[in-house]
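Undergrad: Going down the list, the sequences are from chains A and B.
Taking this note's numbering, the leading residue of the first sequence gets 261, the next gets one more, and so forth.
Taking this note's numbering, the leading residue of the second sequence gets 23, the next gets one more, and so forth.
Quick reminder that beta carbons are idealized off the backbone N, C-alpha and C, glycines included.
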Amino acid sequence: MIVKRFGGAIALAVTFLAAVAALRYASVHGFIGEDVATRVVQVIVGLGLAAYANVMPKNVRGPRRSAEAETRAQAAQRVGGWSMTLAGLAHAGLWAFAPLPFASPASMAVVASALVLTLGYAVWCFTLRRRPGRPDGA
Amino acid sequence: MNRVFKALADPTRRKVLELLRVRPMTAGELCEHFPVSKPTMSAHFNVLREADLVDARKQGTTITYRIKLSVLEDALLGFAQTFGFGSDAQPATDPASAASKGPTP
Numbered sequence: 261m262i263v264k265r266f267g268g269a270i271a272l273a274v275t276f277l278a279a280v281a282a283l284r285y286a287s288v289h290g291f292i293g294e295d296v297a298t299r300v301v302q303v304i305v306g307l308g309l310a311a312y313a314n315v316m317p318k319n320v321r322g323p324r325r326s327a328e329a330e331t332r333a334q335a336a337q338r339v340g341g342w343s344m345t346l347a348g349l350a351h352a353g354l355w356a357f358a359p360l361p362f363a364s365p366a367s368m369a370v371v372a373s374a375l376v377l378t379l380g381y382a383v384w385c386f387t388l389r390r391r392p393g394r395p396d397g398a
Numbered sequence: 023m024n025r026v027f028k029a030l031a032d033p034t035r036r037k038v039l040e041l042l043r044v045r046p047m048t049a050g051e052l053c054e055h056f057p058v059s060k061p062t063m064s065a066h067f068n069v070l071r072e073a074d075l076v077d078a079r080k081q082g083t084t085i086t087y088r089i090k091l092s093v094l095e096d097a098l099l100g101f102a103q104t105f106g107f108g109s110d111a112q113p114a115t116d117p118a119s120a121a122s123k124g125p126t127p
C-alpha cells in the first residue's frame, strides 16, 4: 500500500536528484555552462509539476455528504489540475527559451498565479458557491 | 493508453463523459440521455471503467458514476469532440455487438 502510494514519488525524487547531481558534475568539469545546468533543472521542475498536476483530477476521494459537494469537489479538482499543469508547462517553456533575467520572475509569477487560481477556486466552490439553505458540506 | 483511445473513439461514451463533466450521475440518469437499452449502456460504462476514465460507486441498488479524467485525457476528449474522430459510428452503438463483428476490411 505504502509502496504503491509513495513508490512513484520516491522514484521521481531519486531521478530528479540524480539529474541534478549529473548536471552539477558536468557544470563543474566544464562540459556545460552554469546557465545550461540551471535551465535544465528548472525545466525538470516544471515538467515534474505538470506531471503531478496532470493526475490531480484523477484522484477521486471517498464519497462526500451530498451530490452537490461531489460536484463542487470535481470542479475544484479540474480547475486545479488544468491550471497547475499549464503553469508547469509554462514554467518549463520559460526556463527553456526565455532570457534568464526574465525567466526567473516570469516562471514564479505563472506558478504563483496558478496556485492562487487553484486555491481561490476551491475556496469559492466550497464556501461562496454553496447555495443558502443546503447543509451539504464536503 | 490503448484503452483510453478505444473508450474515447465512441461518440456515446464521449457524450457520457461530457455529461459527467458537469456533475456525477447515477446510471439511470445517464441512461435517460440515450435512446438505447440499459445493457448497451452498461457495456459502455464497462469500457469507460476499464479505461479508468470513470469511477463507479454502488450504494444499495444505485450506481453513481464520477468522471476520472487526467488533464491529458480531458484534452484528448476535447480534441476528439472537436474533430470528431470515430464519429462515423452511430451515436449509440452496442460495444458488445461491435466487438463480436470484428474488424472490417
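1) Once DSSP output is grouped into helix, strand and coil, what is the label at I304 (chain A)?
2) For V280 (chain A) and A352 (chain A), I'd like the C-alpha separation in whole angstroms.
3) Using a cut-off of 8 Å between C-beta atoms, extract the partners of A374 (chain A) located in chain B.
4) Let me check understanding here. Comparing Cα to Cα, which of A:A273, A:V274 and A:E294 lies closest to L401 (chain A)?
5) Give the interface partners of K60 (chain B) over in chain A, defined as CB-CB distance under 9 Å, in chain order.
6) Would R35 (chain B) pass as a contact of I89 (chain B) if the rule is Cβ separation under 7 Å?
7) Closer than 8 Å, Cβ to any Cβ of chain B: which residues of the stretch 342 to 366 of chain A, in chain order?
8) Would DSSP call A78 (chain B) helix, strand or coil?
9) If I'm right that L39 (chain B) touches L98 (chain B) with Cβ under 8 Å, what's the distance once you round it to whole angstroms?
10) Would you kindly work out how many angstroms separate the C-alpha atoms of L349 (chain A) and A369 (chain A), rounded to a whole number?
11) Please decide whether V305 (chain A) counts as near chain B, where near means a Cβ-Cβ distance under 7 Å.
12) By the DSSP assignment, the alpha helix (DSSP H) with T83 (chain B) in it spans what residues?
13) Please list, in chain order, all residues of the same chain as I292 (chain A) whose beta carbon is under 6 Å from its beta carbon, the five residues on each side excluded.
14) Between the stretch 38 to 65 of chain B and chain A, which residues of the former have a C-beta closer than 7 Å to a C-beta of the latter?
15) So which residues on chain A does D77 (chain B) lean against when the C-beta distance must stay under 7 Å?
16) Let me check understanding here. Comparing Cα to Cα, which of B:F67, B:R79 and B:Q81 lies closest to L30 (chain B)?
17) So, N314 (chain A) versus L94 (chain B), is the Cβ gap smaller than 7 Å?
18) Since G340 (chain A) and A311 (chain A) are thought to touch, with beta carbons under 8 Å apart, how far apart are those beta carbons, to the nearest angstrom?
19) Can you look up A398 (chain A) in the DSSP assignment and give me helix, strand or coil?
20) Can you tell me which residues form a DSSP beta bridge with M47 (chain B)?
21) On the CB-based measure, 16 or more other CB atoms within 10 Å of its CB, does P359 (chain A) come out buried or exposed?
22) Would you decide whether L277 (chain A) is buried or exposed? Buried here means 16 or more other CB atoms lie within 10 Å of its CB.
23) Using only CA atoms, which one of A:T298, A:L379 and A:C385 lies nearest to F357 (chain A)?
TA: In terms of the structure at hand:
1) helix
2) 16 Å
3) Simply none; closest approach about 12 Å.
4) Absent from the model: residue 401 (chain A). The displayed extent of chain A is 261 to 398, so no value can be given.
5) In chain order: nothing, as chain A lies at least about 21 Å away.
6) no
7) W342 and T345
8) strand
9) Not a contact, Cβ separation roughly 10 Å.
10) 13 Å
11) For V305 (chain A), no Cβ of chain B is located within less than 7 Å of the residue's own Cβ.
12) Here T83 (chain B) belongs to no alpha helix (DSSP H), and DSSP marks it neither H nor E.
13) Closer than 6 Å at the Cβ level, and outside the excluded window around I292 (chain A), lie A286.
14) R45 and P46
15) V320
16) B:F67
17) yes
18) Not quite, the Cβ-Cβ distance comes to about 15 Å (not below 8 Å), so this is no contact.
19) A caution first: A398 (chain A) carries a pLDDT of 41, below 50, which makes its placement in the model unreliable, though a value can still be read off. Here A398 (chain A) sits in coil by DSSP.
20) B:Y87
21) exposed
22) The residue in question, L277 (chain A), is exposed, as its Cβ has fewer than 16 Cβ neighbours within 10 Å.
23) Ranking A:T298, A:L379 and A:C385 by Cα distance to F357 (chain A) puts A:T298 first.
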